[in-house]
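In this note's numbering, the protein residues as written are -3 to 78.
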Amino acid sequence: MAVALRLNRQGTKDRPYYKIVAVDSRKRRDGRYIEQVGTYDPLKEGVNFTVDLEKAEKWIGVGAQVSETVNSIIRKARTAAK
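In structure tokens, the structure reads:
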């Protein structure tokens, strides 16, 4: 099973809200996921994400593919944690 870390869209029309999730890469975008790693709210000003870096590192360590957007959010979270 190939695992991916990617965004799962939530919210309503014109009010998107995303969960950062570990999911089987063959599943659809908003389908069932394995574990939630964080959140991302693009409409919020300032720090608009939360990430559990331990969970993210665990999934990356076992070979999960990370989408570009999620990779950017994880990088920001790592620098904020320092």
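Glycine included, each C-beta is placed from N, C-alpha and C at the ideal position.
The structure presented is a predicted model; accordingly, all values stated were derived computationally and were not measured.
- Message: Can you tell me whether T35 is buried or exposed? The criterion is at least 16 other CB atoms within 10 Å of its CB, across all chains shown.
- Response: It counts as buried.
- Message: Looking at the secondary structure, which residues open and close the beta strand (DSSP E) in which A18 lies?
- Response: It spans R11 to D20 - the beta strand (DSSP E) in which A18 sits, taken as one unbroken run.
- Query: Could you give the residue range of the alpha helix (DSSP H) that holds A73?
  - Reply: Following the DSSP letters along the chain, one finds A73 inside the alpha helix (DSSP H) bounded by residues E64 to A77.
- Message: So, under 8 angstroms CB-CB, W55 and V(-1) are touching, yes? Tell me the CB distance rounded to an integer number of Å.
- Response: W55 to V(-1), Cβ: 6 angstroms. Contact.
- What separation, rounded to the nearest whole angstrom, lies between the Cα atoms of K23 and N44? A direct Cα-to-Cα measurement between K23 and N44 gives close to 26 angstroms.
- Query: Between the Cα of G27 and the Cα atoms of Y14, P38 and D37, which residue gives the shortest distance?
  - Reply: It is Y14 whose Cα lies nearest to the Cα of G27.
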